[in-house]
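Okay, so the sequence shown: first residue is 7 according to the working numbering, each after it adds one.
Note that beta-carbon positions come from the ideal geometry of N, C-alpha and C, so glycine has one too.
As the structure is a prediction and not an experimental result, all values here were calculated from the model.
Here's the structure we're looking at; comments come further down.
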Amino acid sequence: WSWALAGFLMAFVGGLGYATYGDSINSIFYMNFPKGSPVIAASEGMLCLVLLMAFMVGMFPIISFLEAMFLHTPHAGMDVSEDELEISDADWGKRARVANVGLRFLAVILINVLAAAIPDLDCVT
7 WSWALAGFLM AFVGGLGYAT YGDSINSIFY MNFPKGSPVI AASEGMLCLV
57 LLMAFMVGMF PIISFLEAMF LHTPHAGMDV SEDELEISDA DWGKRARVAN
107 VGLRFLAVIL INVLAAAIPD LDCVT
């Protein structure tokens, strides 16, 4: 029933906003503020932070998968005892840490190259 309540509240707020402002409102919320307003800069900054956090959360399972595949690190779902984890942490040397950072760096670079290769998402659909 919580989904129904949330759906009703969203529809109510959306309908109220449409009834109040009509079609004259921009879909990007901060573009409705006056030009040159400091609120626009603050909104864009907060939006950048939210997108950065979402990127990090979205990359976590990808990085975990890549680490398990290429670096053979323990991951969620593996049957590993705490003793084995302590041993693997003790054996985790400088070379393995460099490989871990390198793998993360390459994954982020690959995603950025893919994003630059598709500058207009309309061509995807």
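Taking only three categories from DSSP, how would you classify residue i?
i, result
"T79", "coil"
"G42", "coil"
"I34", "coil"
"G23", "helix"
"D126", "coil"
"W1", "Absent from the structure is residue 1, since the part of the chain shown begins at 7 and ends at 131."
Throw me the rounded Cβ distance for the residue i and residue j pair, which I believe falls under 8 angstroms.
i, j, result
"A135", "L77", "Shown here, the chain extends from 7 to 131; a query on residue 135 therefore has no answer."
"L116", "E73", "Not a contact, Cβ separation roughly 15 angstroms."
"E50", "Y27", "Actually they are not in contact, since the Cβ atoms of E50 and Y27 sit about 21 angstroms apart, beyond 8 angstroms."
Within this structure, are the beta carbons of residue i and residue j separated by less than 8 angstroms?
i, j, result
"A113", "I69", "yes"
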